[in-house]
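The structure appears right after this line, and notes come after that.
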Amino acid sequence: MIAMNGSIARFEQEGVRPFFYLCDDAGVAEKKSTAVASGIHLSQWAALGMEAMKRLYAKEPQALLAENLLLMERVNRWVDVPQRSDRAFAWSARKDPDFVMNWSLLSQAANRLGFSRNFGRGYFSARTIAYVAIQLAYYLGFDKAFLVGVDMNSSLGQFYDPTGTQVKSRLDDDFDGHILPNFNLLARQVIDSGFQVFNLSRESRLPGELIPKVSLAQVHELMTSAASQPLSPEVGKPV
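Numbering follows the numbering used here, in which position 126 of the sequence shown is assigned residue number 134; successive positions increment by one, without gaps.
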């Protein structure tokens, strides 16, 4: 299991130790520093972005001494490496097997979309940590990823910490321009019979035709089946 940001609170409640914990949100690291420190301590492995580490250091400096803590970096935002324009980087990476990108001369926004097959070389944020976790799952060799609590609706609050410190969400601002286009790229250019992504949130704003919505019974069927077959024809590909 991969825990993200403040969701580690639910793992603590249930006594479950995640395989990985991720946080690239500086606001979460600052306002939920205790939870982030717990995520590092509880998980087998943890990875934070540089800015999140800096904010956490101000509140929980001892947490950064953990031997299981790794630095994760956004693609084209590497520490001590000059940043290129999004268009220039997309052009340079268009044939790189580690990155899935579509270079565009006319649309600067299109050049920010992507998926990393090699987490060690960086990740695409898509403005949501769930997308980062999917890239990590791919890199670690999992053939299926199940999204839990990824409803993409800020009005529903935080299911894992309804009474805790709320961190202002930009989901509604980022969904159409950043989140949805990246998930569309994921569905049409990455997902296939060898790597599948499913969504357990029935009310999620992510369209089911991109990321299939499944029930717990279907998850059980997928986990116990010897054959790795998608529940429906591959998105965007001829049947």
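Glycine is no exception: its CB is placed at the ideal position from the N, C-alpha and C atoms.
Practice problem: Work out the CA separation of S46 and A74 for me, nearest whole Å. | Solution: A74 and S46 have their C-alpha atoms some 11 Å from each other.
Quiz prompt | 8 Å Cβ cutoff met for A37 and L72 | solution = Not a contact, by the Cβ cut-off of 8 Å.
Quiz prompt | Classification of G185 by the beta-carbon crowding that lies within 10 angstroms, buried from 16 upward | solution = Counting Cβ neighbours within 10 Å, G185 comes out exposed, since fewer than 16 surround it.
Quiz item: Using the C-alpha atoms, what's the distance from F19 back to I137?
Solution: Distance between the alpha carbons of I137 and F19: 17 Å.
Quiz item: DSSP beta-bridge partners for V205?
Solution: Per DSSP, A153.
Exercise. Please classify M80: is it buried, with 16 or more other beta-carbons within 10 angstroms of its beta-carbon, or exposed?
Key: So M80 ends up on the buried side.
Quiz item: Are there three or more Cβ pairs, one per stretch, closer than 8 Å when the segment 141-148 is compared with the segment 98-106?
Solution: The segment 141-148 is not in contact with the segment 98-106.
Quiz item: How about L155 and I219: are their beta carbons less than 8 Å apart?
Solution: It is a contact, given that the beta carbons lie within the stated cut-off.
Quiz item: Does the beta-carbon of K103 have 16 or more other beta-carbons within 10 angstroms, so that it is buried, or is it exposed?
Solution: Exposed, because fewer than 16 other Cβ atoms sit within 10 Å of the Cβ of K103.
Practice problem: Return yes when the Cβ of L193 is within less than 8 Å of the Cβ of V108, no when it is not. | Solution: Contact: yes.
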